[in-house]
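Enquirer: For the sequence shown, my numbering puts the final residue at 326, and the numbers step up evenly by one.
Backbone N, C-alpha and C fix where the C-beta goes; we use that ideal spot for every residue, glycine too.
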Amino acid sequence: MNIPAWIHDPESQPLCIGLRLDSERGAQAAGLSRRAARPVVFAPTAFFHPRSSKDPKSDLMTIHSFYWHWRPFADEDSPLMKKRAFVTVLLPLLFVLVAIEAPPATAGEFKTTIFEDDFSGATLKKEWGSWKSESIVQDGVLVGITPKGSDHPSVNTIKLAPLADLEVAVSFQFHGSPGFSVMFRDSDYKGSHAGHICHVAVSPNAVTLYDGKMGLFRQDIREKRKAGKKLDAATQSELKKKTSRNPVKLDPKAWHDLVIRIEGDVLAVSIDGAKVGRLQSEGIAHPIKSNMNITTVNREVHYDRFAIRTH
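#1: Whole angstroms is fine: what's the gap from residue 316's alpha carbon to residue 150's?
#2: Does the Cβ of residue 283 have 16 or more other Cβ atoms within 10 Å, making it buried, or fewer, making it exposed?
#3: With which residues is residue 270 paired in a DSSP beta bridge?
#4: So, with DSSP's three-state summary, where would you put residue 124?
#5: From this set, 264, 239, 212, which residue's C-alpha is nearest residue 301's C-alpha?
#6: What span of residues does the alpha helix (DSSP H) with residue 237 cover, start to end?
#7: Closer than 8 Å is the cut-off here; do at least three beta carbon pairs connect the segment 137 to 157 with the segment 170 to 178?
#8: Check this for me: beta carbons of residue 231 and residue 254, under 8 Å apart or not?
#9: Let me know the secondary structure DSSP gives residue 83 once reduced to three states.
#10: Here's the rule I'm using: 16 or more other beta-carbon atoms within 10 Å means buried, otherwise exposed. How should residue 257 be labelled?
#11: So what does DSSP say about residue 181, is it helix, strand or coil?
#12: Assign residue 256 to one of three DSSP states: helix, strand, or coil.
#13: Give the secondary structure of residue 38 by DSSP, where H, G and I count as helix, E and B as strand, and everything else as coil.
#14: Can you tell me where the beta strand (DSSP E) with residue 211 in it begins and where it stops?
#15: Using the C-alpha atoms, what's the distance from residue 192 back to residue 311?
#16: Does the separation of the CB atoms of residue 127 and residue 250 fall below 8 Å?
#17: Please list, in chain order, all residues of the same chain as residue 142 whose beta carbon is under 7 Å from its beta carbon, the five residues on each side excluded.
#18: Need the endpoints of the beta strand (DSSP E) that residue 196 sits in, please.
#19: Below 8 Å between beta carbons: does that hold for residue 182 and residue 286?
#20: Inspect the CB distances between the segment 226 to 241 and the segment 200 to 209 and report whether three or more fall short of 8 Å.
#21: Can you have a look at residue 135 and say buried or exposed, based on whether 16 or more other CB atoms are within 10 angstroms of its CB?
#22: Would you mind sorting residue 318 into buried or exposed? The rule is 16 or more other CB atoms within 10 Å of its CB.
#23: Taking the alpha carbon of residue 292 as the reference point, which residue from 235, 261, 164, 272 has its own alpha carbon closest?
#24: Across which residues does DSSP place residue 293 in a beta bridge pair?
#25: My understanding is that residue 194 touches residue 217, with C-beta atoms under 8 Å, so please give their C-beta distance in whole angstroms.
#26: Go ahead and pull the three-state DSSP assignment for residue 298.
#27: Could you check what DSSP says for residue 161 in three-state terms: helix, strand or coil?
#28: Consult DSSP for residue 208 and reduce its assignment to one of helix, strand or coil.
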């Protein structure tokens, strides 16, 4: 068995944390006698060697291998003791240890499902609310319908426990509608129209992301726009920073999978597994999103496999 080994001065003794095991077999593999070996110490976690000018490898670090160490007994006749050396043998990782240094959860994982609906029932679940809507459940999908002559798109809504970060996933198919939006609101926030915080508008040709709190729906901006007043150049410039328009080509007759993620001040969108838009803006970081709306524009969009998740 050919095992790489090198010698370290005592000053460059590695720092390790591990378990003590019988080292007889390992010592023999390294060419040491049983008498010249002490119990082995191995560390399946990060392992550091202080830098040594005599050993260019002494700053080696690994988290994927075991390091076995034999310290010689205090035997003056031992050539290893005379050299005051430590022998370090690197062995490959042969098996997996359970519950040792489990990897931390990575940002961006939304594993807790708050609400989901596959629309398999005869009617909408009780969690859904509707406003200016003729939406129905039909053939296992939510048919979002704006009433003819309505002054507002159909709204189907879910109330949420206050959340900062969340993910919404939904499948959709256009049925003559030019588009729909998924909107997030804080019902108690008065600084923007109807508590709008941020939203995503989807059409066959574009996906547009909005920071509504600091942009389009900010109360003073909306009031000026509603009154027909012209926005000054500085405000118009700021509005552009609160919007991200991204061209896409979506088959209006096909089903598509939409995922919207809000994390901190970032709003990100993917469709059919591909990233299509990202907006970073301070309003998105509003700590409370207590309401989610699907708004269907004139006149019909089908929805399925809906889910809301958080960390």
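Expert: With the given structure in hand:
#1: If I take the Cα positions, the gap works out to 9 Å.
#2: Taking all protein chains shown into account, residue 283 has 16 or more neighbouring C-beta atoms within 10 Å of its C-beta and is therefore buried.
#3: BP columns for residue 270 are empty, so no partner.
#4: Coil, per DSSP.
#5: Looking at the Cα atoms, 212 is the closest of the given residues.
#6: Here the alpha helix (DSSP H) through residue 237 covers 234 to 241.
#7: Touching, per the Cβ criterion.
#8: Going by C-beta atoms, residue 231 is nearer than 8 Å to residue 254.
#9: Per-residue confidence for residue 83 stands at a pLDDT of 39, beneath the threshold of 50, marking its modelled position as unreliable; the derived number appears in the next sentence. Strand at residue 83.
#10: With 16 or more other CB atoms across the displayed protein chains lying within 10 angstroms of its CB, residue 257 is buried.
#11: Residue 181 falls in the strand class under three-state DSSP.
#12: Here residue 256 sits in helix by DSSP.
#13: Since pLDDT at residue 38 reaches only 41, below the 50 mark, its modelled position is unreliable, and the value read off the structure follows with that caveat. DSSP places residue 38 in coil when its eight states are reduced to three.
#14: In the DSSP assignment, residue 211 falls within the unbroken beta strand (DSSP E) covering 211 to 217.
#15: For residue 311 and residue 192, the distance between alpha carbons rounds to 8 Å.
#16: No.
#17: Once the five neighbours on either side are set aside, the close Cβ partners of residue 142 are 130, 173.
#18: Unbroken beta strand (DSSP E) run through residue 196: 195 to 200.
#19: A distance of 8 Å or more separates the beta carbons of residue 182 and residue 286.
#20: Yes, since at least three Cβ pairs between the segment 226 to 241 and the segment 200 to 209 fall closer than 8 Å, the two stretches touch.
#21: Residue 135 sits exposed, since fewer than 16 C-beta atoms from the chains shown fall within 10 Å of its C-beta.
#22: Around the beta carbon of residue 318, 16 or more other beta carbons sit within 10 angstroms, so the residue counts as buried.
#23: Here the closest residue by C-alpha is 261.
#24: Residue pairing by DSSP puts residue 293 in a beta bridge opposite 283.
#25: 6 Å between Cβ atoms; contact.
#26: Reduced to three states, the DSSP call for residue 298 is helix.
#27: Residue 161: coil per DSSP, three-state reduction.
#28: Residue 208: helix per DSSP, three-state reduction.
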